[in-house]
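Just so you know, we're using our numbering here: the sequence shown kicks off at -18 and counts up by one.
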Amino acid sequence: MTEITRRSFIKTVIVGSTTFSVCPFESWAETKQRPKLASERSDICHQVRDERAPLPAKVARAYEVVIVGGGPSGLAAAYALRDVNFLLLEKEPRTGGNCTREAREGVSFSTGAAFTEKPAGLAGKYSSELELPLAPIADHDAAIINGKVVLDFWGAGLERLPYPPSVQQSFRLFLNEMRKIDLRRNKAKLDAFSFAELLKPYAPEVKQFWDAFGPSNWGGDAENTSAYVGVEATQPAFEEDRYSFPGGLGAATEIAEARVELAGKGRIQRNATVYRIEPRRTHVEVSYLENNRSPMTVAGKVVIVALPKFFARHIVIGLPEAQKKAMAEIRYAPYLVINLCLRKTPYQAAYDTWVPGKTFCDFIVADWVIYRGKGDPNRRTAFTVYVPLAEKQRGVILDDAGTLAIADKVVDEFEEIFPGITRDMEEVRIYRRGHPLFVSAPRVHTQIQPKAAAPFGRILFANTDSVATVSSFASASAVGLERAREAKNILARGLRRSRQLVPARV
-18 MTEITRRSFI KTVIVGSTTF SVCPFESWAE TKQRPKLASE RSDICHQVRD
32 ERAPLPAKVA RAYEVVIVGG GPSGLAAAYA LRDVNFLLLE KEPRTGGNCT
82 REAREGVSFS TGAAFTEKPA GLAGKYSSEL ELPLAPIADH DAAIINGKVV
132 LDFWGAGLER LPYPPSVQQS FRLFLNEMRK IDLRRNKAKL DAFSFAELLK
182 PYAPEVKQFW DAFGPSNWGG DAENTSAYVG VEATQPAFEE DRYSFPGGLG
232 AATEIAEARV ELAGKGRIQR NATVYRIEPR RTHVEVSYLE NNRSPMTVAG
282 KVVIVALPKF FARHIVIGLP EAQKKAMAEI RYAPYLVINL CLRKTPYQAA
332 YDTWVPGKTF CDFIVADWVI YRGKGDPNRR TAFTVYVPLA EKQRGVILDD
382 AGTLAIADKV VDEFEEIFPG ITRDMEEVRI YRRGHPLFVS APRVHTQIQP
432 KAAAPFGRIL FANTDSVATV SSFASASAVG LERAREAKNI LARGLRRSRQ
482 LVPARV
């Protein structure tokens, strides 16, 4: 650590999706008292994975629809089904999934998802009905390269890259060539191989950028990114059409949850980890741990599984082998989100800034949509720092010392970029997420997703990994709303059949 950090009084908080504890100390490397660590709950999920789940209880209650998972997808489905008898089960103490937020001294900041594309279609109608106050970001990505800030990196910034002329030319040539590709016509072809193949003719610095950009956005470096996704990310609309709230997208799920709660108390049950979903002839039985302790089973005429497929495949009984295999082929990236809570604002030149070659990939100015780069530099703010990890590093986030070592290195890197920033760090909060992003790898979108997300009788699969090329709030909401519509159709068909069985009066 730097000498400045040793003299600074920094509170460090390691947080999961809900609670955190604070421990003051002067240096992460030197202190003997480690902060207590918290994270999303994983112990029960790991028991299910290892086939050590408890036996199911007898059915205690029945619902028309049971929704498993309270992230953006599950909440959207719940909102659309608020006029039917449904139950939503969420394993964490609060809903929101990857779209939650925290606040400190009046500054809100994201613990995961920060922005989304403008919702359209069903998701657009949903956004309007909820009156979500999404604010346009109206800013292009920046980068810090060799100590120089480059604004509008893929626009006017290409002419100011701190690289030799040959490398600058390679960036320009790359962008021109990618934007000539017809995405709609070549989707299947591009999805069959990695983005790294398309990057081979260009300077190594081009790939270095995408090796940072990809993990933060869709969980994979260029080698593990579908060429379709990589080319899609070079299109102008990928960056221009972005919206957020102060502090990220947690506000959206908070509003959605409030609207669902208005439809009737008790519709959302938290601290309820589902460990078994078993289809029967006329219904589906869903077993979970009530208060994450006591086995409970409920029945639903329809069940919407708004969970990542990596977990759905372990809890749904009787899945066809081909579908189970497809679910297993979808990969997920582990992730740290680190919020640096600052008493001053050392940088507000752009909303999202990329720093290739660092432990982290990019950072967001949490209150950008309020001040848009023109706020008082002496105001408190937060930098939301994204630190995706390689899949083989997943175990690191379960290790306290490993997590702290990464955070320690990130703070050092920020001190190098913005000398003196550690003097103004009042708190550092670290959020550990095991499987937040599905990896947009080759074959996922055209070959794997359709098989993995196919309905299984009365069981419907939601979550953003069902339809999207990249995880997003808008795509998650859209698939949740679509599955709610399908659930209503199943219920309506069942009602019509039951009426046909009623004998006519004599």
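Think of the CB as a built atom: it goes at the ideal place given N, C-alpha and C, for glycine as much as any other residue.
In or out: Cys4 buried (at least 16 other Cβ within 10 Å) or exposed? Since pLDDT at Cys4 reaches only 38, below the 50 mark, its modelled position is unreliable, and no value is offered.
If you draw a straight line from the C-alpha of Ala116 to the C-alpha of Gly228, how long is it? 11 Å
Helix, strand or coil, according to DSSP, for Phe419 in the structure here? strand
Whose C-beta lies closer than 7 Å to the C-beta of Arg375 among residues of the same chain, with five residues either side of it excluded? Pro315, Gly415
Quick one: residues in its chain with C-beta nearer than 6 Å to the C-beta of Asn320, no 5 flanking neighbours on either side, listed in chain order? Phe90, Ala363, Thr365, Arg410
Would you kindly report the start and end of the unbroken alpha helix (DSSP H) that includes Arg42? Segment 40 to 49 is the beta strand (DSSP E) holding Arg42; no alpha helix (DSSP H) there.
Could you give the first and the last residue of the continuous beta strand (DSSP E) run that contains Ala124? 123 to 126
In this structure, does DSSP put Lys246 in helix, strand or coil? coil
Using three-state DSSP, classify Lys373 as helix, strand or coil. helix
Could you check what DSSP says for Pro146 in three-state terms: helix, strand or coil? helix
Applying the criterion that 16 or more other CB atoms from any shown protein chain within 10 Å of the CB defines a buried residue, is Ile118 buried or exposed? buried
Can you give me the C-alpha to C-alpha distance between Lys39 and Thr278, rounded to a whole angstrom? 6 Å
Buried or exposed for Pro358, please, with buried defined as at least 16 other CB atoms from any protein chain shown within 10 angstroms of its CB. exposed
Can you tell me whether Val88 is helix, strand or coil according to DSSP? strand
Within 10 angstroms of the Cβ of Asp64, are there 16 or more other Cβ atoms? Answer buried if so, exposed if not. exposed
For Gln329 versus Val346, is the C-beta distance shorter than 8 Å? yes
Buried or exposed for Arg257, going by 16 or more other Cβ atoms inside 10 Å? buried
Distance check for Ala58 and Val210, CA to CA, integer angstroms please. 27 Å
Hey, how far is the Cα of Leu230 from the Cα of Cys80? 5 Å
Taking a contact to mean a Cβ-Cβ separation below 8 Å, would you say Glu71 touches Gly50 in this structure? yes
Express the C-alpha separation of Arg166 and Tyr352 in angstroms, rounding to a whole number. 41 Å
Three-state class that DSSP yields for Asn252 in the structure shown: coil
Can you find at least 3 beta carbon pairs, one from the stretch 323 to 342 and one from the stretch 295 to 314, that sit closer than 8 Å? no
Cα separation between Pro337 and Pro289? 29 Å
For Gly78, tell me which candidate among Glu266, Phe134, Thr92, Pro114 has the shortest Cα-Cα distance. Thr92
Spell out the partners DSSP gives Asn320 in its beta bridges. Thr365, Arg410
On the criterion of 16 or more Cβ atoms from any shown chain inside 10 Å, does Ser275 qualify as buried, or is it exposed? exposed
Would you please state the rounded distance, in angstroms, between the beta carbons of Pro146 and Phe226? I believe it to be under 8 Å. Not really, about 41 Å apart at Cβ, beyond 8 Å.
Counted within 10 angstroms of its Cβ, other Cβ atoms place Pro217 as buried (16 or more) or exposed: exposed
Given Gly245, which residues of its chain have a CB within under 8 Å of its CB, disregarding the five upstream and five downstream residues? Arg63
Could you tell me whether the Cβ atoms of Thr215 and Ala422 are closer together than 8 Å? no
Do Ala61 and Arg439 have their C-beta atoms closer together than 8 Å? no
Which of the three DSSP states is assigned to Ile298 in this structure? coil
Mind checking who Ile441 pairs with in its DSSP beta bridge? Per the sequence shown, the amino acid found at residue 441 is Leu instead of Ile. According to DSSP, Leu441 bridges with Ile285.
I need the boundaries of the beta strand (DSSP E) containing Ser268, first residue and last residue. 265 to 271
Does the beta-carbon distance from Leu441 to Gln250 come in below 8 Å? no
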